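To start, the structure itself, in structure tokens.
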Amino acid sequence: MDELLGSELKKVRKSRQLTLQQLSDRSGLSVSFLSQIERGLRTLTFTSLKKICEALDVNVNFFFDNGDSSFVKKEKTSYKNTGNFSYKSLVGKMKHPDFIPARIDLEAGEYQQIPYTHSGQEFVYVLSGQLEVEIEGVKETLYSNESIHIDSSMAHHWYNATDETTKLLLVSSTK
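Residue 6 in the UniProt record's numbering sits at position 6 of the sequence shown, with consecutive numbering throughout.
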């Protein structure tokens, strides 16, 4: 787990005047897990990070460098690796975007089995590998060059249950 990300999560939680218990209640994640994340002792799945961000009312991009340009160039691309996934914001310098594009690499076996809901929409495009998707109890596998666009208020989750990295383009709405 990236200690800097855990430290930033803690700062945001405290700035919102939330206890670990309150964040746990809002996110559905245990107090001990959240404490370990903040101290950099545990790795974090992308799904868990999204739950925490929803509970803190911040976008995932808040914790990652958006860059200082509208152009996101290949040679300047830097991924934030948390152990279970790598995340690269593709927002650029836009201050209040209506949607958030990101490149995500889910490591082998990166998954969370519990579906959840949140505000907005998600568009997920599989660049390579395969992605297991469950929406309202219906499971489907997406392969390279396949996509899904969902209303995030429906119970859902997606994960990489393979032994290879899955590379995604994720575009999510801000509300």
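All residues carry an ideal CB built from backbone N, CA and C; glycine is no exception.
Because the structure is a prediction, the values reported are computed rather than measured.
{"Asked": "For D25, the three-state DSSP class (helix, strand or coil)", "Found": "helix"}
{"Asked": "Where T141 falls, given that 16 or more other Cβ within 10 Å makes a residue buried", "Found": "exposed"}
{"Asked": "Nearest neighbour of G6, chosen from C53, H149, V91 and P115 [CA to CA]", "Found": "C53"}
{"Asked": "Nearest candidate by alpha-carbon position, reference G92, set R103, T47 and S86", "Found": "R103"}
{"Asked": "C-alpha gap between L127 and S147, whole angstroms", "Found": "9 Å"}
{"Asked": "CB-CB length for T117 against S152, believed under 8 Å", "Found": "7 Å"}
{"Asked": "The region 155–175 / the region 123–138 touching (three or more Cβ pairs under 8 Å)", "Found": "yes"}
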